[in-house]
Amino acid sequence: MLIEKNHLTEDQIEITQNCGTEPPFSGELLNEKRKGTYICVVCKDVLFDSDTKYDSNSGWPSFFDSIADKVSRKNDFSHGMSRIEINCKSCNSHLGHVFNDGPLPTGERYCVNSLSMEFNSDE
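Take 1 as the starting number for the sequence shown in the numbering used here and just add one per residue.
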């Protein structure tokens, strides 16, 4: 799938295409509380629903689940750590990482860069 990326900022390109990370507590979606959906900033596919967002105090928007079949996972051994990277399944853009320290019902914490997403409000 060929996706135009000329609508992205330099920071969005760094995060989504080069696996960058925005500084903690800097993302504009961190404190978003409205009902709606979070979409991939690159391809506009829906990734997360606001009903699964919670405050993890990690500094990044956190979700306990993703929309079914919209987020892929792969092992990430960069920076001397073993983590699981999450990507948009449609365009393979880097979103962040998933950890096993989230709330029920999944026990997972999808830790996502704000710059990798846009928010569509239902309100």
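For every residue, glycine included, the Cβ atom is placed at its ideal position computed from N, Cα and C.
Residue environment, residue i, which counts as buried when at least 16 other CB atoms sit within 10 Å
| i | result |
| --- | --- |
| N87 | buried |
| L104 | exposed |
Nearest-angstrom Cα separation, counted from residue j out to residue i
| i | j | result |
| --- | --- | --- |
| L29 | D101 | 21 Å |
| Y54 | N6 | 31 Å |
| S90 | E108 | 22 Å |
| D122 | R83 | 33 Å |
| K33 | E14 | 26 Å |
| T106 | S62 | 13 Å |
| I85 | S56 | Note on identity: in this sequence residue 85 is Glu, with Ile being the wrong assignment. In a straight line, the C-alpha of E85 is about 18 Å away from that of S56. |
| S78 | V98 | 15 Å |
Three-state secondary structure (DSSP) of residue i
| i | result |
| --- | --- |
| S72 | strand |
| D122 | coil |
| S116 | helix |
| D49 | strand |
Cross-strand partners of residue i (DSSP beta bridge)
| i | result |
| --- | --- |
| M132 | With the chain running from 1 to 123 in the structure shown, residue 132 is simply not present. |
| I15 | DSSP output for I15 lists no bridge partner at all. |
Other residues of its chain near residue i: CB distance less than 8 Å, five sequence neighbours each side excluded
| i | result |
| --- | --- |
| S58 | P24, R109, C111 |
| D51 | K35 |
| V41 | L8, Q12, T16, S93, L115, S116, M117, E118 |
Cβ neighbours of residue i in the same chain (closer than 6 Å, five flanking residues each side left out)
| i | result |
| --- | --- |
| V46 | T37, I39, I67 |
Close beta carbons around residue i, own chain, < 7 Å, minus the five adjacent residues each side
| i | result |
| --- | --- |
| D49 | T37, I67 |
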